[in-house]
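Under numbering that gives the first Met the number 0, the letters of the sequence shown match residues 0 to 528, in that order.
C-beta: ideal position from N, C-alpha, C; glycine also.
Everything on this sheet refers to the single structure shown next.
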Amino acid sequence: MDREWWRSASGYQIYIRSFKDGNNDGIGDLKGIRQKLNYIKSIGVDFIWICPFYDSPMEDNGYDVRDYLKVAQEYGSMTDLKKLILDAHSLGLKVVLDLVLNHTSSTHNWFKKSENRIPPYEDMYVWKDGKEINGVLSEPNNWQSFFSGTAWKYSPKRKQYYLRIFSATMPDINYENDVAFEKIAEVVDFYGNMGVDGFRVDAVAHIGKDLKFKDGKKGKTYLRFSNQPNAHKYLQKLNAVFKKNNMVTIGELGGDPDDKALLKYTHNELDMVCSFEHMGVFGDKHTINTSALLKTLKRKEKLGAKGGWATLFWLNHDYPRLISKIDGEGDAKNGQICLSALMYLLKGTPIIYNGEEIGMQNYPFASPKDFLDVNARMVLENAEDKEKAFANLKESTRDHARTVMQWTDEKYAGFSNVKPLTYVNKNYKKINAEKASLDKNSILNNYRKILELRKNIIDEICDGKYKFYSQKGVIGYKICGKHTNILVLANLSSNNYTPKSSITQMLYSNMKYSNNLAPYQIIVAKINK
Ligand code: GLC
Ligand code: CA
0 MDREWWRSAS GYQIYIRSFK DGNNDGIGDL KGIRQKLNYI KSIGVDFIWI CPFYDSPMED
60 NGYDVRDYLK VAQEYGSMTD LKKLILDAHS LGLKVVLDLV LNHTSSTHNW FKKSENRIPP
120 YEDMYVWKDG KEINGVLSEP NNWQSFFSGT AWKYSPKRKQ YYLRIFSATM PDINYENDVA
180 FEKIAEVVDF YGNMGVDGFR VDAVAHIGKD LKFKDGKKGK TYLRFSNQPN AHKYLQKLNA
240 VFKKNNMVTI GELGGDPDDK ALLKYTHNEL DMVCSFEHMG VFGDKHTINT SALLKTLKRK
300 EKLGAKGGWA TLFWLNHDYP RLISKIDGEG DAKNGQICLS ALMYLLKGTP IIYNGEEIGM
360 QNYPFASPKD FLDVNARMVL ENAEDKEKAF ANLKESTRDH ARTVMQWTDE KYAGFSNVKP
420 LTYVNKNYKK INAEKASLDK NSILNNYRKI LELRKNIIDE ICDGKYKFYS QKGVIGYKIC
480 GKHTNILVLA NLSSNNYTPK SSITQMLYSN MKYSNNLAPY QIIVAKINK
């Protein structure tokens, strides 16, 4: 049977705002991405996923869309997008865009019409009457926003509340309504006709709401609007539109989906899923919890073995940098290489986040005023203990992932000729893509080897049986293929380790190997059957 292209592919995620400034106004843009396609290709990936570039007031950097069919002025034009797609395709890179379908911006015309009850838009968003408690009007229920505080916002115009599970200017779309469905289908068709190869589907776990709108359990009210049965129903309908356009879909599945739900999503709904359980494998003191790691690696592989498909990633634009989560005293660089290789050689599709491949680090935020992200700002605003909130955000803010991509040791890290609108990490002279390319032991050059190796053993990865192993900080798996057995083994402990299997051919290691795995060494090798 022919394998779909995306099962053997790997991808590269681009946060457009901070990736590369093509016209020197301090903001990343489509032209900048085009300039860097050769670099992206050189990593060994097969597709790019570009974060939203649509017209938007940028409350949430473009995840609040004002017009899906227009490029935001600061990012370029439709002509730039078409040129980018053409160039990417000629290099053999497919192009995946970000489809934000759970909500729009409140400045979108659809919402304005809905707020004014103009047909056929009246019910395109989730509108509810308030509840009267002791004569005072209050929210319809206790649902809380992912960005903190209530998930409802009152509209004096319509005299009703609208649901907004992210920020107050991001109203949720109501998929019980056919108009909503048709409008989003039009967007998919538009980009399908342009030759776009697929979508990463944003916040898709939340498109179904508990239609009884019951109160949720305190601290977990999001479960009332996450992975609800109706989400599957809507997705099955949408999938027909994606497939008509020959598009691949990558669904972002927050809100704690269980194994059964993930499997269901990958049957006639989405091609592959991003789930986030692995983000919890780091302990307080930047230690790696190997039993949690084993569990998460197993979970992703099992999904593939059962006929579903996972995406394999350590990072995206919503999480702090991977290397900064790994013990700073030790050899964090090789720590990252171990974690990445363990992840990227599973059944699933690896997706690398821009800057990850050169080991970009967290930014040293010094004051609550430094945060640019709406999520951080809302958390601070709603926090009772502001100091504690700041201490948490210093570690966890999404802003860490959004500092400019470090290209060279030139001023502004080669991102732009002018002062960027977002932060430049001061370590750019040491950490940048140009330098990483020249160092044969860099993360970048290890990633190149790992992705190439993945291609060479893709039959074993896709069709083989995985057997996992973990003992005293040494963790890995055997892939038992039709003709070959492959061992992937990483030493996350501080002692040397001698593997028990008899190695017949070494395929990859991040360090020189002589019968022993040094701390933070990983090997991939053929072993006796
Ligand atoms: C997703 C995006 C995140 C965004 C949110 C709302 O989780 O990854 O960046 O803020 O959806 O669109
Ligand atoms: Ca620009």
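Would you list the residues sitting across from Ala309 in a DSSP beta bridge? For the purposes of this step, residue 309 is identified with residue 310 of the sequence shown, where counting begins at 1. Paired residue(s): Val272.
Nearest-angstrom Cα distance between His107 and Asp66? Translated into the one-based positions of the sequence shown, residue 107 becomes position 108. Translated into the one-based positions of the sequence shown, residue 66 becomes position 67. Whole-angstrom Cα-Cα distance: 6 angstroms.
Relative to the alpha-carbon of Thr421, which residue among Met271, Arg157, Phe370 and Lys243 has its alpha-carbon at the smallest distance? Locating residue 421 in the sequence shown gives position 422, where the first residue counts as 1. Cα-wise, what sits closest to Thr421 is Phe370.
According to the Cβ coordinates, are Val200 and Asp171 closer than 8 angstroms? Stepping through the sequence shown from its first residue, residue 200 is reached at position 201. Stepping through the sequence shown from its first residue, residue 171 is reached at position 172. Contact: no.
Gly191 in three-state terms, based on DSSP: Looking up residue 191 in the sequence shown gives position 192. Gly191: helix per DSSP, three-state reduction.
Between the C-alpha atoms of Thr103 and Trp313, what's the straight-line distance to the nearest angstrom? The residue labelled residue 103 in the question sits at position 104 within the sequence shown. The residue labelled residue 313 in the question sits at position 314 within the sequence shown. Going from the Cα of Thr103 to the Cα of Trp313 covers about 27 angstroms.
Is any heavy atom in ligand 1 found nearer than 7 angstroms to the beta carbon of Asp66? On the sequence shown, residue 66 is found 67 positions in, with the first residue counted as 1. No.
Chain-order list of residues whose beta-carbon lies under 8 angstroms from that of Lys531 (same chain, five-residue window excluded): Given that the chain is displayed from residue 0 to residue 528, the structure contains no residue 531 and the question cannot be resolved.
Residues in its own chain within less than 8 angstroms of Tyr174 by CB, not counting five upstream and five downstream? As a working mapping, residue 174 is identified with position 175 in the sequence shown. Result list for Tyr174: Phe180, Ile206, Gly207, Asn229 and Tyr233, in chain order.
Run of the beta strand (DSSP E) containing Cys337, from where it starts to where it stops: Position 338 of the sequence shown, counted from the start, is the residue given in the question as residue 337. Taken as a continuous stretch (DSSP letters only), Cys337 belongs to no beta strand (DSSP E), being part of the alpha helix (DSSP H) at Ala331 to Tyr343.
How many angstroms separate the CA atom of Asp258 from the CA atom of Ser501? Taking the first residue of the sequence shown as 1, we reach residue 258 at position 259. Taking the first residue of the sequence shown as 1, we reach residue 501 at position 502. Near 35 angstroms, if we compare the C-alpha coordinates of Ser501 and Asp258.
Return yes when the C-beta of Ile26 is under 7 angstroms from any heavy atom of ligand 2, and no when it is not. Looking up residue 26 in the sequence shown gives position 27. Yes, Cβ of Ile26 sits closer than 7 angstroms to a heavy atom of ligand 2.
Contacting residues, own chain, Cβ-Cβ under 7 angstroms from Met77 (five flanking each side not counted): Within the sequence shown, the letter at position 78 stands for residue 77. Cβ neighbours of Met77 beyond the five flanking positions: Val70.
Which residues bound the beta strand (DSSP E) around Met123? Position 124 of the sequence shown, counting from 1, holds the residue named residue 123. No beta strand (DSSP E) contains Met123, which DSSP labels as neither H nor E.
Rounded C-alpha distance that separates Trp142 from Asp97: As a first step, residue 142 must be located in the sequence shown, where it is residue number 143. As a first step, residue 97 must be located in the sequence shown, where it is residue number 98. Distance between the alpha carbons of Trp142 and Asp97 is about 26 angstroms.
Status (buried if at least 16 other CB within 10 Å, exposed otherwise) for Arg2: Sequence index remark: in the sequence shown, residue 2 carries index 3 (1-based). Exposed: under 16 other Cβ atoms inside 10 Å.
For the pair the stretch 83-91 and the stretch 146-153, tell me if three or more CB-CB distances fall below 8 angstroms. no
Would you call the stretch 476-492 in contact with the stretch 457-465, where contact means no fewer than 3 C-beta pairs closer than 8 angstroms? yes
Nearest to Phe364 by alpha carbon, out of Thr289, Ile357 and Thr402? Position 365 of the sequence shown holds residue 364. Checking every option, the nearest Cα to that of Phe364 belongs to Thr402.
Does the distance from the CB of Tyr362 to the CB of Asn416 come in under 8 angstroms? Within the sequence shown, residue 362 is the residue found at index 363, counting from 1. Within the sequence shown, residue 416 is the residue found at index 417, counting from 1. Their beta carbons are not under 8 angstroms apart, which means Tyr362 does not touch Asn416 by this criterion.
Quick one, which of Asn133, Tyr446 and Leu262 has its alpha-carbon nearest Ile357's? Reading the sequence shown from its first residue, position 358 is the one you call residue 357. Out of Asn133, Tyr446 and Leu262, Tyr446 has the C-alpha closest to the C-alpha of Ile357.
Is the shortest distance between the beta-carbon of Thr402 and the beta-carbons of chain C less than 8 angstroms? Among the chains of the structure shown, chain C does not appear; only one protein chain is present.
What is the C-beta distance between Ala202 and Glu251, in whole angstroms, given that I count them as a contact (C-beta under 8 angstroms)? For the purposes of this step, residue 202 is taken as residue 203 along the sequence shown, with counting starting at 1. For the purposes of this step, residue 251 is taken as residue 252 along the sequence shown, with counting starting at 1. 6 angstroms between Cβ atoms; contact.
Let me know if Asp54 comes out buried or exposed under the rule of 16 or more other beta-carbons within 10 Å of its beta-carbon. Along the sequence shown, one-based indexing puts residue 54 at 55. So Asp54 counts as buried.
For Ala412, which residues in the same chain have their Cβ closer than 8 angstroms to its Cβ, ignoring the five residues on either side in sequence? Counting from one through the sequence shown, the residue named residue 412 turns up at place 413. Cβ within range, chain order: Val403, Met404, Gln405, Trp406, Val423, Asn424, Tyr427 and Asn431.
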